[in-house]
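In my numbering, the protein residues as written are 910 to 1464.
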């Protein structure tokens, strides 16, 4: 199924299981759907099975959101106590769409517990009390965490009672964006099909006989002690001057603590020139992704690290934010430079990342899917070196292999059902869903800032521009991202206000090339401009294009 088809099905209001192989775009579809829900003012809860996954999508753990916490079962007393909590009661009553990411790691009993609380509080016996529920994940990846016993098939979320009652529409994304048909892609497909040919194993053996040591890479291990030992040792060998970056926080203490515990960026980040790092967040301007590797090569005059990536691009890294949002309001926020040491990381923490190169030790794998997760982090086989592995590392759960065939079939049926509607019919059905959940039919512009602050905040940015303050410094002074400052500039230009931003063009290496493309294609969208520039082999970022376009329109 394509991403577009999956989005169209989600917008119809069906409860959905969104799945697909590593790099198929599940998170992209989720983010696009969340943007659409916000634009129609539909109350949405964004959650994930683990704290790390929750920080990736700007949500909270399902355990925290639902009120189940660390409970393994619910008594009648527990249910009554939860129902008496005013905030929890309001949360369940007002939420129209519940998203749970990384569903493979959520235990079946806990999914049933969330369903029970939802039905009780909402006084509605439909699954989850009638909310649209979007379950996202891949059962070939890491399984539920269990204590003191092997993972059993009944532990997986699809064996919960509510899954069977809900019978979600399956959207199985089939286009791979991370792996592009090389040998590694064939090995991963073989693992997913349960048919690893001899030549696949030979390909894996070749990965043990080569080295990626000469290029920036990270080591993937199954256990924390290996990771800590390597990172501490490597950093200690660098003798350069050290700069320290401390995390800043605001919001409720318990929510802030949850963000800190599950954020891959450390509270205190110590960096020196020569430090091997990885980005731990996706950048909207496409300068870097979660997992992009690089080396700190210098610091700016105001102290920000400059990271040179594997592609040779130098990126000035400023603070980024991790937030917990509820009903459009920020409940907690932490800010830190989005980097961590990249000499080593655990397979568990790597889930959701895209790596250019990795040394992977699979000799101590202890659960199904761990080998698949590790290998699927890397873009191509050229970036993989195996430090060790055994055959068990390549095994997938036999029941999941059987389930996967069923999921493919259900997804095809969903595609066929969708084809019965033309574009106008789909729009009418989507509008019917918006009305049913009391959303706003006319799409609203999604803004991070309060609407009453729009004019004043842009005027403050304008004053800095008049003083010819560099854009990165404006962002720092305003406590915003560079992208937000560019949004201010675009808004000022749109209002017909003349601003002199030509001084911002000099630091853009491909300025002339971008300007020429915009001159020839003045009405092109950002995506179209990126495509044209790629064909011309001009590597740049969304932010650079937006800034050059704003300068062009301001002439």
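Ideal placement from N, C-alpha and C gives every residue a C-beta, glycine not left out.
This structure is a prediction, so every number in the text was calculated from the model and none was measured.
Report the partner residues of residue 1248 according to the DSSP bridge assignment.
Taking the chain shown and counting its residues from 1, the one referred to as residue 1248 is at position 339. Note: residue 1248 sits in a beta bridge opposite 1188.
Report the partner residues of residue 1281 according to the DSSP bridge assignment.
Position 372 of the chain shown, counted from the start, is the residue given in the question as residue 1281. In DSSP, residue 1281 forms no bridge with anything.
Starting from the N-terminal side, write out each stretch of the beta strand (DSSP E) that is 3 residues or longer and does not extend beyond the stretch 1024-1062.
Here the runs fully enclosed are 1041-1045.
Kindly indicate which three-state DSSP category residue 1363 falls into: helix, strand or coil?
Working through the chain shown from its first residue, we reach residue 1363 at position 454. Only weak support exists for where residue 1363 lies, its pLDDT of 35 falling under 50; the value from the coordinates is given anyway. Helix.
Can you give the Cα-Cα distance for residue 1065 and residue 1304, rounded to whole angstroms?
Taking the chain shown and counting its residues from 1, one reaches residue 1065 at position 156. Taking the chain shown and counting its residues from 1, one reaches residue 1304 at position 395. Whole-angstrom Cα-Cα distance: 17 Å.
Assess contact between the stretch 1364-1380 and the stretch 972-985, defined as three or more Cβ pairs (one per stretch) separated by less than 8 Å. Is contact present?
The answer is no - the stretch 972-985 does not touch the stretch 1364-1380, with fewer than three Cβ pairs under 8 Å.
With DSSP collapsed to three states, give me the class of residue 1400.
Your numbering for residue 1400 matches position 491 in the chain shown. Helix at residue 1400.
When DSSP labels each residue in this structure, what does residue 1218 get in the three-state scheme?
Locating residue 1218 in the chain shown gives position 309, counting from the first residue. Correct three-state label for residue 1218: strand.
In its own chain, which residues sit with a C-beta less than 8 Å from the C-beta of residue 1005, not counting the 5 before and 5 after it?
Position 96 of the chain shown, counted from the first residue, corresponds to residue 1005. For residue 1005, where only same-chain residues beyond five positions count, the Cβ hits under 8 Å are 951, 952, 953, 1040, 1041, 1346, 1347, 1348.
Let's test the definition: count the other Cβ atoms within 10 Å of the Cβ of residue 920 and tell me whether it reaches 16, buried, or not, exposed.
Taking the chain shown and counting its residues from 1, one reaches residue 920 at position 11. Classification of residue 920: buried, given that the 10 Å Cβ count is 16 or more.
Write down the C-beta distance between residue 1255 and residue 1144 rounded to the nearest angstrom, noting that I regard them as a contact closer than 8 Å.
Locating residue 1255 in the chain shown gives position 346, where the first residue counts as 1. Locating residue 1144 in the chain shown gives position 235, where the first residue counts as 1. With a Cβ gap of about 17 Å, residue 1255 and residue 1144 do not count as contacting.
Note down, in chain order, each residue of its chain lying with its Cβ closer than 6 Å to the Cβ of residue 1453, except the 5 sequence neighbours on either side.
Working through the chain shown from its first residue, we reach residue 1453 at position 544. 1417.
Is the beta carbon of residue 1247 sitting closer than 8 Å to the one on residue 1302?
Translated into positions along the chain shown, residue 1247 becomes position 338. Translated into positions along the chain shown, residue 1302 becomes position 393. Against a cut-off of 8 Å, the Cβ pair of residue 1302 and residue 1247 comes out as no contact.
Residues in its own chain within less than 6 Å of residue 1196 by CB, not counting five upstream and five downstream?
Here residue 1196 refers to the residue found at position 287 when the chain shown is read from its first residue. Contacts found: 1224, 1450.
Please return the same chain residues whose Cβ sits closer than 7 Å to the Cβ of residue 1136, not counting the five positions on each side in sequence.
Start at 1 with the first residue of the chain shown, and residue 1136 comes out as number 227. If we look at residue 1136 and ignore the five residues flanking it on each side, its Cβ neighbours are 1130, 1253, 1254, 1255.
When the Cα atoms are used, what is the spatial distance from residue 1062 to residue 948?
As a working note, residue 1062 is residue 153 in the chain shown. As a working note, residue 948 is residue 39 in the chain shown. Looking at the two C-alpha atoms, the distance is approximately 39 Å.
In terms of alpha-carbon separation, which member of 1292, 1249, 1327, 1204 lies closest to residue 910?
Working through the chain shown from its first residue, we reach residue 910 at position 1. Ranking the options by Cα distance to residue 910, first place goes to 1327.
Select from 1404, 1165, 1115 the residue whose C-alpha is nearest the C-alpha of residue 1243.
As a first step, residue 1243 must be located in the chain shown, where it is residue number 334. Comparing Cα-Cα distances from residue 1243 to each of 1404, 1165, 1115, the minimum goes to 1165.
Which residue from 1177, 1067, 1121, 1184 puts its Cα closest to that of residue 1146?
Looking up residue 1146 in the chain shown gives position 237. Ranking 1177, 1067, 1121, 1184 by Cα distance to residue 1146 puts 1184 first.
In its own chain, which residues sit with a C-beta less than 7 Å from the C-beta of residue 1182, not counting the 5 before and 5 after it?
Numbered from its first residue, the chain shown carries residue 1182 at position 273. Answer for residue 1182: 1149, 1205, 1206, 1207, listed in chain order.
Do the stretch 1273-1288 and the stretch 1068-1078 meet, that is, are 3 or more Cβ pairs less than 8 Å apart?
Touching, no.
Under 7 Å Cβ to Cβ from residue 992, same chain only, skipping five residues before and after it: list those, please.
Numbered from 1 along the chain shown, position 83 holds the residue referred to as residue 992. Here the set comprises 998, 1029, 1030.
Can you say whether residue 1033 is buried or exposed, counting buried as having 16 or more other CB atoms within 10 angstroms of its CB?
Position 124 of the chain shown holds residue 1033. Exposed.
I think residue 1189 touches residue 1199, with their Cβ atoms under 8 Å apart; what is that distance to the nearest whole Å?
Against the chain shown, residue 1189 aligns to sequence position 280. Against the chain shown, residue 1199 aligns to sequence position 290. Confirmed, Cβ separation roughly 6 Å.
To which residues of the same chain is residue 1176 closer than 8 Å at the C-beta, ignoring the five residues directly before and after it?
As a first step, residue 1176 must be located in the chain shown, where it is residue number 267. So the qualifying residues of the chain are 1155, 1156, 1169, 1245.
Whose CA, out of 1138, 1162, 1179, lies closest to the CA of residue 1152?
To locate residue 1152, count along the chain shown from 1; it is residue 243. Considering only alpha carbons, the answer is 1179.
In chain order, what are the residue ranges of uninterrupted alpha helix (DSSP H) at least 4 long that sit wholly in the stretch 1274-1333?
The qualifying runs are 1279-1285, 1307-1327.
Starting from the N-terminal side, write out each stretch of the alpha helix (DSSP H) that is 4 residues or longer and does not extend beyond the stretch 1076-1152.
The qualifying runs are 1092-1102, 1107-1116, 1133-1145.
Which of the three DSSP states, helix, strand or coil, is assigned to residue 1011?
Counting from one through the chain shown, the residue named residue 1011 turns up at place 102. If DSSP states are grouped into helix, strand and coil, residue 1011 belongs with coil.
Please state the DSSP three-state secondary structure of residue 1393.
Residue 1393 sits at position 484 when you count from the first residue of the chain shown. Three-state result, residue 1393: helix.
Please confirm whether residue 923 and residue 1078 have their CB atoms less than 8 Å apart.
Translated into the one-based positions of the chain shown, residue 923 becomes position 14. Translated into the one-based positions of the chain shown, residue 1078 becomes position 169. Yes.
Quick check: the Cα distance between residue 1026 and residue 969, rounded to an integer number of angstroms?
Position 117 of the chain shown, counted from the first residue, corresponds to residue 1026. Position 60 of the chain shown, counted from the first residue, corresponds to residue 969. C-alpha separation (whole angstroms): 17 Å.
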